[in-house]
Amino acid sequence: RVINCCKMASSSGKYHLQLSSKAIRSAVYCDMDTFFGGWLVLQQRLDGSVNFTRTWLEYRNGFGTVGESTEFWLGLELLHQLTTSGQYELLVELKNEAGKYG
Numbered sequence: 001r002v003i004n005c006c007k008m009a010s011s012s013g014k015y016h017l018q019l020s021s022k023a024i025r026s027a028v029y030c031d032m033d034t035f036f037g038g039w040l041v042l043q044q045r046l047d048g049s050v051n052f053t054r055t056w057l058e059y060r061n062g063f064g065t066v067g068e069s070t071e072f073w074l075g076l077e078l079l080h081q082l083t084t085s086g087q088y089e090l091l092v093e094l095k096n097e098a099g100k101y102g
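If you're matching positions, the sequence shown starts at 1 in UniProt numbering and goes up one per residue.
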């Protein structure tokens, strides 16, 4: 079972997710502000500083640096571990360059 830190976090920030099936801890960003909070951010693109044209292996393992104002992709393996451990909701939030919806 995966221990989801976003269910216990009190503020937005970088946390560590424990994959209890393996002795692995993964850095994740928990958004506690958007739509009442509790969202684990899977991907964040802000300014194009990270190239998202990657190999399959990089998408499987994840890339970038997890943080509030950084670009990253958590990885398909972590996403698989999360979604096979319980039920989740998915929120897709799209904003333009000015940070506005639509």
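Heads up, the beta-carbon is just placed ideally off N, CA and C, and yes, glycines get one too.
*Relative to the C-alpha of histidine 16, which residue among Val28, Lys7, Met8 is closest?*
Per the Cα distances, Val28.
*From this set, Lys7, Thr83, Ala9, Val41, which residue's C-alpha is nearest leucine 94's C-alpha?*
For the residues Lys7, Thr83, Ala9, Val41, the minimum Cα distance to leucine 94 belongs to Val41.
_Inter-residue spacing [alpha-carbon to alpha-carbon] between residue 124 and threonine 55_ = This structure does not reach residue 124, given that the chain is present from 1 up to 102, and the question cannot be answered.
*Whole-angstrom distance between asparagine 51 and methionine 8, CA atom to CA atom*: Roughly 32 Å between the two C-alpha positions.
*Alpha carbon to alpha carbon, how far is glutamine 44 from leucine 91? Give it in angstroms, no decimals.*
In this structure, the straight-line span from the alpha carbon of leucine 91 to that of glutamine 44 is close to 13 Å.
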